[in-house]
Amino acid sequence: MIHYIIRRFLYAFPLLMGVNILTFVLFFIVNSPDDMARMQLGQKHVTEQAVENWKQQRSYDLPLLWNEKAAAEEKITQTIFYQKSVGLFLFRFGVSDSGRNIGADIQQRMWPSLAVALPTLIIGLLVNISFALLMVLFRNSYLEHAGLVLCVILMSVSSLFYIIGGQFFIAKLLRLVPISGYDDGIAAVRFLILPVLIGVFSGIGSGVRWYRTLFLEEVEKDYVRTARAKGLTETQTLFRHVLRNAMIPILTGVVVVLPLLFMGSLIMESFFSIPGLGSYTIDAINSQDFAIVRAMVFLGSVLYVIGLLLTDISYTLVDPRVRLS
Amino acid sequence: MSSLLSRHIFTPFQAGLYRCGITLQTGKLRAPVLLLFFVFLTACDTGALNAPYAEEDENQSVLYQSFSERPKHLDPAVAYSANEYTFLSQVYEPPFQYHYLKRPYQLVPLTATAMPEIHYLDAQGTKLAAGADDNAIAFTDYVIEIAPHIQYQPHPALAKTAQGDYQYHHLNAVQINAVSTLADFTGTGSRELTADDYVYQIKRLAHPKVQSPIAEMMKNYIVGFDAFAQQVSTKPKVEIKDIPLAGAEVLSRYQYRIRIKGKYPQFIFWLAMPFFSPMPWEADAFYEQAGFADKNITLDWFPLGTGAYLLAENNPNRRMTLVKNPLFHGETYPTEGEPEDLQTGLLADAGKSLPFIDKMVFMLEKETIPYWTKFLQGYYDASGIASDSFDQAIQFTGSGGIALTDSMREKNIQLETSVAISSFYMGFNMLDATVGGNSEQARKLRQAIAIAVDYEEYISIFRNGRGIAAQGVLPPGIYGFAEDKAGVNAYVYDWDNGAARRKSIDAAKQLMSEAGYVNGIDPKTGSALILYFDTAAAGIDDRPTMNWYRKQFDKLGINLVIRATDYNRFQEKMRSGNAQIFVWGWNADYPDPENFFFLLYGANSKVQHGGENASNYHNPEFDRLFEQMRNMDNSEQRYRIIQQMQEQVRHDAPWVLGFHPKNFSLFHSWYKNLKPNLMANNTLKYQRIDSAERAEKRQAWNAPVFWPLVLASVVFVLMLMPALNAYRRRVRETLQ
Chain A
8 MIHYIIRRFL YAFPLLMGVN ILTFVLFFIV NSPDDMARMQ LGQKHVTEQA
58 VENWKQQRSY DLPLLWNEKA AAEEKITQTI FYQKSVGLFL FRFGVSDSGR
108 NIGADIQQRM WPSLAVALPT LIIGLLVNIS FALLMVLFRN SYLEHAGLVL
158 CVILMSVSSL FYIIGGQFFI AKLLRLVPIS GYDDGIAAVR FLILPVLIGV
208 FSGIGSGVRW YRTLFLEEVE KDYVRTARAK GLTETQTLFR HVLRNAMIPI
258 LTGVVVVLPL LFMGSLIMES FFSIPGLGSY TIDAINSQDF AIVRAMVFLG
308 SVLYVIGLLL TDISYTLVDP RVRLS
Chain B
37 MSSLLSRHIF TPFQAGLYRC GITLQTGKLR APVLLLFFVF LTACDTGALN
87 APYAEEDENQ SVLYQSFSER PKHLDPAVAY SANEYTFLSQ VYEPPFQYHY
137 LKRPYQLVPL TATAMPEIHY LDAQGTKLAA GADDNAIAFT DYVIEIAPHI
187 QYQPHPALAK TAQGDYQYHH LNAVQINAVS TLADFTGTGS RELTADDYVY
237 QIKRLAHPKV QSPIAEMMKN YIVGFDAFAQ QVSTKPKVEI KDIPLAGAEV
287 LSRYQYRIRI KGKYPQFIFW LAMPFFSPMP WEADAFYEQA GFADKNITLD
337 WFPLGTGAYL LAENNPNRRM TLVKNPLFHG ETYPTEGEPE DLQTGLLADA
387 GKSLPFIDKM VFMLEKETIP YWTKFLQGYY DASGIASDSF DQAIQFTGSG
437 GIALTDSMRE KNIQLETSVA ISSFYMGFNM LDATVGGNSE QARKLRQAIA
487 IAVDYEEYIS IFRNGRGIAA QGVLPPGIYG FAEDKAGVNA YVYDWDNGAA
537 RRKSIDAAKQ LMSEAGYVNG IDPKTGSALI LYFDTAAAGI DDRPTMNWYR
587 KQFDKLGINL VIRATDYNRF QEKMRSGNAQ IFVWGWNADY PDPENFFFLL
637 YGANSKVQHG GENASNYHNP EFDRLFEQMR NMDNSEQRYR IIQQMQEQVR
687 HDAPWVLGFH PKNFSLFHSW YKNLKPNLMA NNTLKYQRID SAERAEKRQA
737 WNAPVFWPLV LASVVFVLML MPALNAYRRR VRETLQ
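Protein chains in written order, with this note's numbering: chain A, 8 to 332; chain B, 37 to 772.
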């Protein structure tokens, strides 16, 4: 397995380089270093000299990908791409164009994101799987039909509605929790109740239907019939056998997103004033802060690769027939 | 409170589960559920369940406000945005400030002992007599004396050892690695503010590594600024303290002199902005140590000033906290104001020591819904009014006035309105072949458009009535702004029954005909005249506004094509002169007409000179008047010249004079000493909070409501019953 993991990491290098180049090209097609300078310098009293000074201080006065005037290897190293992107592979994210250390910002902001995303994922998973199993248990009954209709209704409603509705009902009318905010340590719990509740609730419709499909596929298989013939009750069959055998598709969906939980949720964090990473990239795009954009895209790619690798590894844990080679 | 909560929340929940017969009876789930609620209740250490703040702050004099955009810079040499000044201006103290109550806006000393001595000099440096001819003035000296015994806030950069050495100026890598924030430094120190600190800050403005946004502009004014910038470009910041700058010189421990080129009376206003605040060299010596920037411990993030407050917490993703500076030099509430200030109680605290508020907590709120809700719950002391909550807060009276709605009045909320010192306009590119130039045809076309674009309607539709249509370049509150008939734009409005009435569209059509576009037909093409509106407003939310502009032009038969693009391309078009019609705005740097008229001065043309004259307007007569007016002190002659300039702009119509925004702000009844001051940013020290009233009202407004939870639990249990029966039936069927 170790060889497999090493190989996968080596495969990731060209992939990450490709992502880096693509991000770089796309960003600089839309924004020139002059545009970035003007955005950072504001709108008042910005002169050409100020723009040139800004670029020089941040090495944005270099050519983008190829420095014709430089000698030997400096043709590559004395470029914006090399100067700004190579350090990423060592997880040196550098300083944002507005002067903040990106690594320190990420470290500070990822924990609140995780504090919302992780409980939402775990509780959501438990709730969705439980409801899906119940629907499979009551399949072909009015309860299943009613459940399905309810799921479709829940799916059809925008997540924004759940957020605004939840805030209005629970925080404004009932006044049971703060409508938004965050705090350190254990005090954060009461700020997290509402976003987690809404996060779980808004995912029930699609989640339950998805898991129900997985379980229904399993429940028709021979081993289930054998289990029933053995005299197991329906609940025993579902929880002991069907659930276990449906774990591979469940893990495919779940493990891959685990590392990305750090990246946060834009809307949720914005509405609940969670100081997470959710808006970090969008804010950076809006302020044309290339340093943050490249760092976050790179980090997202790395986490996704790690997520896929973890998924593969998790298969071996739930299904002894799977071997990584 | 906890026991009370447990009775209300816990019992029905427990009972509901008990009826289900699936959890608490077993004892297996009881522990985690109890633990969960214990955690919940432990976290709820406040009076009300929905309180977003810690209980210990409840009865303190704490101001709670919000911010929607994180400040980018807190270095006074770099910061230049209103959201940054909200924090900076409480911490840093330039030598002068705006009087809190007096209008028109008036500068008064802050750390200075008096207003500066101003000396005019000729080219040889000889002092000129008062009233000397402007042409003879080669330099102006501002001699400023600051008060002694002003101390900096306690800060690690100023901490010293018993031997008198700076404690934290030579940290090694291990020591720097051990800290993660400024609060990790246990030692702090202070020292007296001196004239050196003001001069050092002016040098910082010049240093290319600081990248001050006003550096390029100050090169035109401060003597030797440009040469100094080149001289120090490769030197570390801290080294500049020993390199002389001709235009900024220390005269004594408490006195310094700034020498500027020529005469620039508006320079005094810059001395009231944070750019000219003092900076101890020790700040750079401390923050520039290798390794601090990696931890975001920088001067741009952790200010060091002498102001009434110090920044105790800087987490712009969540909360910024200012607390009273224990070493604040002391200042008293103004004893003079406008006549009505006495009646409104604004002078009730006259002569009392400032500041009144102990702590200010600014919370990040990006969305208007939670922000507005928290204000109504009493968790924010003040609020703006977003368009989606406007109807909840404001109603229009029969006479066209505005008033608070009943729900606001019930809560004793106060409304403060003020016209911003800003102008928004629709500009024509005067270099454009169709709408630009000084020809009669182009001028009449512009005037016709000025009549057709109904900004009163715009204000009503898009701004909920929050604005006043502009009659000239200057907003109210700026010297030279004329009221009533004398200030009306006679090319667009008629004075009728004591009010300005927009001319009819027929008048605009007549002008179109005179311009050669009868019914909007372009004689060159024989079809409707096509004009282009360049904008960066490309989002779906901007469509109604763009459609409205189309309709305004359509009144004249003009086909307006919206050329929406991204912000960068729009800026590029403006710089290269490829835009035709655009909308633009300007917020005053200082309350002087020069700061508005310079937007139309020929030498500031955007295309030719890269300046702020976005319309590229150039009229020799206007320029002559501007040059004459800008150096004058306020006087009857200056007023007359300003009116001439206003008239010239109205006649030439390089702008469709748009509107001046009106700010509506709401404040709770416990928030005292409020008077809108649009020039000053350091006003929080004058304001006061009645914490007892706030605590009482918060308690009354935020009692939790539990019965819907109980009801929902009962309904849930009732719904679960048939499901359980069905489950039992299903299990029995399977077994059979």
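Glycine residues also receive a C-beta, built at the ideal position from the N, C-alpha and C atoms.
No experiment lies behind these values; they were computed from the predicted model shown.
Point to revise | Residue burial classification, Arg764(B) (beta-carbon count within 10 angstroms, cutoff 16) | key: Within the second sequence, the letter at position 728 stands for residue 764(B). Per the 10 Å Cβ criterion, exposed.
Practice item. Taking Asp330(B) as the query, report the chain A residues whose CB atoms sit under 9 Å from its CB, ordered along the chain. Key: The residue you call residue 330(B) lines up with position 294 of the second sequence. Within chain A, the residues whose beta carbon sits less than 9 Å from that of Asp330(B) are Val102, Asn108, Gly110 and Ala111, listed in sequence order.
Exercise for review: Flag Met548(B) as yes if its beta-carbon sits less than 8 Å from any beta-carbon of chain A, otherwise no.
Suggested key: Indexing the second sequence from 1 puts residue 548(B) at position 512. Chain A, which has no Cβ nearer than 8 Å to the Cβ of Met548(B), makes this no.
Check your understanding: With C-beta atoms as the reference, is Leu281(B) less than 8 Å away from Gly260(B)?
Key -> What you label residue 281(B) is simply residue 245 of the second sequence in a count that begins at 1. What you label residue 260(B) is simply residue 224 of the second sequence in a count that begins at 1. The criterion of a C-beta distance shorter than 8 Å is satisfied by Leu281(B) and Gly260(B).
Check your understanding: How long is the line joining the alpha carbons of Ala194(A) and Ala90(B), rounded to whole angstroms?
Key -> If you number the first sequence from 1, residue 194(A) lands on position 187. If you number the second sequence from 1, residue 90(B) lands on position 54. One C-alpha to the other measures close to 9 Å.
**Study point:** Residues from the segment 390 to 420 of chain B in contact with chain A, defined by Cβ distance under 7 Å
**Key:** The residues in question are Met399, Leu400, Glu401, Lys402, Glu403, Ile405, Pro406, Thr409 and Lys410.
Review point. So, are the CB atoms of Val179(B) and Arg293(B) less than 8 Å apart?
Key: Start at 1 with the first residue of the second sequence, and residue 179(B) comes out as number 143. Start at 1 with the first residue of the second sequence, and residue 293(B) comes out as number 257. Going by C-beta atoms, Val179(B) is nearer than 8 Å to Arg293(B).
**Study point:** Short Cβ contact (8 Å threshold) for Leu390(B) with Thr368(B)
**Key:** Here residue 390(B) refers to the residue found at position 354 of the second sequence. Here residue 368(B) refers to the residue found at position 332 of the second sequence. Their beta carbons are under 8 Å apart, which means Leu390(B) touches Thr368(B) by this criterion.
Exercise for review: Return no unless some Cβ of chain A is closer than 8 Å to the Cβ of Pro339(B).
Suggested key: Taking the second sequence and counting its residues from 1, one reaches residue 339(B) at position 303. At a cut-off of 8 Å between beta-carbon atoms, Pro339(B) makes no contact with chain A.
Check your understanding: Using DSSP with H/G/I as helix, E/B as strand and the rest coil, what is Pro266(A)?
Key -> As a position in the first sequence, residue 266(A) is number 259, starting the count at 1. DSSP places Pro266(A) in helix when its eight states are reduced to three.
Exercise for review: Could you spell out where the beta strand (DSSP E) holding Thr176(B) opens and where it closes?
Suggested key: Counting from 1 along the second sequence, the entry for residue 176(B) is found at position 140. First-last of the beta strand (DSSP E) with Thr176(B): Phe175 to Glu181.
Practice item. Check whether the segment 315 to 326 of chain A touches the segment 253 to 271 of chain A, counting contact only when three or more Cβ pairs, one atom from each stretch, lie closer than 8 Å. Key: Yes, the segment 315 to 326 of chain A is in contact with the segment 253 to 271 of chain A.
Point to revise | Residue span of the alpha helix (DSSP H) that contains Tyr257(B), given as start and end | key: As a first step, residue 257(B) is located in the second sequence; it is residue number 221 there, counting from the start. No alpha helix (DSSP H) holds Tyr257(B); DSSP gives it neither H nor E.
Review point. Quick one, which of Gln266(B), Ala193(B), Asp417(B) and Asp394(B) has its alpha-carbon nearest Ala319(B)'s?
Key: By one-based count along the second sequence, residue 319(B) stands at place 283. For Ala319(B), the nearest C-alpha among the options comes from Ala193(B).
Check your understanding: What do you reckon, are the CB atoms on Leu316(A) and Arg15(A) nearer than 8 Å?
Key -> Mapped onto the first sequence, residue 316(A) falls at position 309. Mapped onto the first sequence, residue 15(A) falls at position 8. Yes.
Check your understanding: Mind checking whether Leu181(A) and Pro744(B) have CB atoms under 8 Å apart?
Key -> Start at 1 with the first residue of the first sequence, and residue 181(A) comes out as number 174. Start at 1 with the first residue of the second sequence, and residue 744(B) comes out as number 708. Yes.
Practice item. For my contact list, Gln428(B) and Thr409(B) are in at a C-beta cut-off of 8 Å; report their separation, rounded to the angstrom. Key: Along the second sequence, one-based indexing puts residue 428(B) at 392. Along the second sequence, one-based indexing puts residue 409(B) at 373. Contact doesn't hold; Cβ gap of about 11 Å is too wide.
Review point. Is the Cβ-Cβ distance between Asn655(B) and Glu648(B) less than 8 Å?
Key: As a working note, residue 655(B) is residue 619 in the second sequence. As a working note, residue 648(B) is residue 612 in the second sequence. Contact: no.
Check your understanding: Which residues mark the beginning and the end of the alpha helix (DSSP H) in which Gly314(A) is found?
Key -> The count along the first sequence starts at 1 and reaches residue 314(A) at position 307. Where Gly314(A) is concerned, the enclosing alpha helix (DSSP H) stretches over Phe297 to Val325.
Point to revise | Reduced DSSP category for Gln483(B) - H, G, I as helix; E, B as strand; rest coil | key: As a first step, residue 483(B) must be located in the second sequence, where it is residue number 447. For Gln483(B), the secondary structure class from DSSP, reduced to helix, strand or coil, is helix.
Practice item. Check each candidate in Gly167(B), Glu349(B) and Pro88(B) and name the one with the smallest Cα separation from Ile340(A). Key: Nothing can be reported for residue 340(A), as the shown portion of chain A is limited to 8 through 332.
**Study point:** As assigned by DSSP and simplified to three states, the class of Ile153(B)
**Key:** Taking the second sequence and counting its residues from 1, the one referred to as residue 153(B) is at position 117. The question names Ile, but residue 153(B) in the sequence shown is Glu. Correct three-state label for Glu153(B): strand.
Check your understanding: With 8 Å set as the bound, which would you pick, yes or no: does the beta-carbon of Gly206(A) sit closer than that to a beta-carbon of chain B?
Key -> The residue you call residue 206(A) lines up with position 199 of the first sequence. So, not an interface residue.
Review point. Can you list the residues of chain A that Glu252(B) reaches, using a CB-CB cut of under 7 Å?
Key: One-based indexing of the second sequence puts residue 252(B) at position 216. One finds His52, Thr54, Gln56 and Ala57 in chain A with Cβ atoms closer than 7 Å to the Cβ of Glu252(B), taken in chain order.
Practice item. For Pro744(B), go through chain A and note every residue whose CB falls closer than 9 Å to its CB, in chain order. Key: Your numbering for residue 744(B) matches position 708 in the second sequence. Neighbours of Pro744(B) on chain A, chain order: Phe176, Leu180 and Leu181.
Check your understanding: Quick one: is Arg216(A) near chain B, going by C-beta distance under 8 Å?
Key -> Here residue 216(A) is taken as the residue at index 209 of the first sequence, counted from 1. It does not: the Cβ of Arg216(A) has no partner Cβ on chain B nearer than 8 Å.
Check your understanding: Who are Arg295(B)'s beta bridge partners in DSSP?
Key -> What you label residue 295(B) is simply residue 259 of the second sequence in a count that begins at 1. In the DSSP assignment, the residues bridged to Arg295(B) are Asp177(B).
Practice item. Per DSSP, which residues does Gln450(B) bridge with? Please list them. Key: In the second sequence, the residue the question calls residue 450(B) occupies position 414. Bridge partners of Gln450(B): Phe703(B).
**Study point:** Within-8 Å CB hit, Asp726(B) to chain A
**Key:** The sequence position of residue 726(B) within the second sequence is 690, counting from 1. With 8 Å as the cut-off, Asp726(B) does not count as an interface residue toward chain A.
Review point. Roughly how many angstroms separate the alpha carbons of Gln723(B) and Ile514(B), rounded to a whole number?
Key: Along the second sequence, one-based indexing puts residue 723(B) at 687. Along the second sequence, one-based indexing puts residue 514(B) at 478. Taking C-alpha positions only, Gln723(B) is separated from Ile514(B) by approximately 25 Å.
Exercise for review: Consider the Cβ of Pro740(B): report whether some Cβ of chain A lies at a distance smaller than 8 Å.
Suggested key: For the purposes of this step, residue 740(B) is taken as the residue at position 704 of the second sequence. Cβ-Cβ to chain A under 8 Å: yes for Pro740(B).
Check your understanding: So, helix, strand or coil for Glu324(B), using DSSP?
Key -> Within the second sequence, numbered from 1, the residue matching residue 324(B) stands at position 288. Of the three classes helix, strand and coil, the one that applies to Glu324(B) here is coil, per DSSP.
Point to revise | Val156(A) - containing alpha helix (DSSP H), residue span | key: On the first sequence, position 149 is the one that residue 156(A) refers to. It spans Tyr149 to Ser163 - the alpha helix (DSSP H) in which Val156(A) sits, taken as one unbroken run.
Check your understanding: What residues from chain A crowd round Ser117(B), counting only those whose CB sits closer than 9 Å?
Key -> Taking the first residue of the second sequence as position 1, residue 117(B) is located at position 81. Correct list: Gly49.
Review point. Whose Cβ in chain A lies nearer than 7 Å to the Cβ of Leu85(B)?
Key: On the second sequence, position 49 is the one that residue 85(B) refers to. Within 7 Å Cβ-Cβ: Arg182, Leu183 and Val184.
Check your understanding: If contact means a Cβ-Cβ distance below 7 Å, which residues of the segment 273 to 284 of chain A contact chain B?
Key -> Result list: Ser277, Phe278, Ser280 and Pro282.
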